[in-house]
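Presented below is the structure to which this report refers.
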Ligand code: FNR
């Protein structure tokens, strides 16, 4: 309504209102090879297209006269009452996506203002302590890419605890990079640019591994990062070690098979994060199609979901398939490209407004109303 009223006064929205519009505007603004890194994905990119198409195969059953004039979009996650059911998925290159290279702080400020939680990536270009401090009262989560150096991994966990993050999300699907032709073509990896990797280079253990401070020899620091980043040999046994390290809620990102969900539960994990990394990692990995079986296997354990969410109806559908909260990736990233904090807040508020309207017009008053019966195959 606010946008309509502003339009009557002659003001148009500051940023595009559709995902396609955001995508086109962000592409026009970004350096070509960085754009390819952000927008691109695995193989011929049918996986990321499939993520979006999977949502289109569901319709939402309309119910009338159900008293949905007021809606409650809140959800509970690890004891936190969140005002909305969406969160910002970890994006490791928010720094290179914003004009001032402080995209992580911009997202944190947007999180504080909107109440939409942020999952802060290991690969931030702002130290995690600064990001956590900017989150205000909104709970934040730290995403861990487990390095092949246990002392360094432990240092990240301890820093996350001290900084005040409310949970650790361990991403499992990126122990090596996916086959991404656009990036291979440019032979580039954005994190290696300029002031990147600050969350790494601000780490005392990481700094201790370097012969000279990273400020004096960024290339050597980047090389050290590349040598420790991937952990191809990580197994369930290592997970037991990680579990013993911290009392914070521990979530696993990239788990999409019911057997792995059960195994995670047995290992004392607190939450599952079903995702195919936005189609950037394993080619042909489904995401939304696997969500119901993951939710069933989780037996009440929280299940986060992302990959392909582009609109309010998509949020409603993921919730109806059982997600506890729904992650947004590229859409808020494009908001960051276009307007930093203001751009992110705009994208999140549009998504939430559309989610709310979708529930209203279809007659659903709360997230609890969104069950599988709400969806119909189209
Ligand atoms: C990501 N993603 C990601 N995931 C993660 O666990 N750690 C990370 O550092 C990153 N970095 C990252 C960078 C960029 C540019 C993108 C687009 C994505 C994956 C992200 O968290 C999420 O799984 C997907 O983005 C969700 O899919 P959509 O919403 O982009 O389709």
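Residue numbers (full-length UniProt numbering): 9 to 386.
All C-beta atoms, glycine included, are put in the ideal place defined by N, C-alpha and C.
Item	Value
Output the distance between the C-alpha atoms of residue 181 and residue 10, rounded to the nearest integer angstrom.	41 Å
Just to confirm, are residue 70 and residue 320 a CB contact at a threshold of 8 Å?	no
Let me know if residue 40 comes out buried or exposed under the rule of 16 or more other beta-carbons within 10 Å of its beta-carbon.	exposed
So if DSSP puts residue 128 in a beta bridge, which residue, or which two residues, is it bridged to?	150
Assign residue 126 to one of two classes, buried (16 or more other C-beta atoms within 10 Å of its C-beta) or exposed (fewer than that).	buried
Are the beta-carbon atoms of residue 114 and residue 106 separated by less than 8 Å?	yes
Taking all protein chains shown into account, decide if residue 174 is buried (16 or more other Cβ within 10 angstroms of its Cβ) or exposed.	buried
Apply the 10 Å Cβ neighbour rule to residue 38 and answer buried if 16 or more other Cβ atoms are within range, or exposed otherwise.	buried
Provide the residue span of the beta strand (DSSP E) that contains residue 136, from first to last.	No beta strand (DSSP E) holds residue 136; the alpha helix (DSSP H) holding it covers 136-141.
Tell me which residues share the same chain as residue 135 and place their Cβ nearer than 7 Å to its Cβ, disregarding the 5 neighbours each side in the sequence.	206, 207, 210
So, is residue 147 buried or exposed, given that buried needs 16 or more other C-beta atoms within 10 angstroms?	buried
Going along the chain, which residues of its own chain have a beta-carbon closer than 7 Å to the beta-carbon of residue 65, five neighbours each way excluded?	385, 386
So within the stretch 278-334, which uninterrupted beta strand (DSSP E) runs reach at least 3 residues, ignoring any that extend past its ends?	279-282, 311-313
Buried or exposed: residue 332, going by 16 or more other Cβ atoms within 10 Å of its Cβ?	buried
In angstroms, rounded to a whole number, what distance separates the CA positions of residue 256 and residue 242?	20 Å
Using C-beta distances below 7 Å, list every residue in its chain close to residue 301, excluding the 5 sequence neighbours before and after it, in chain order.	266
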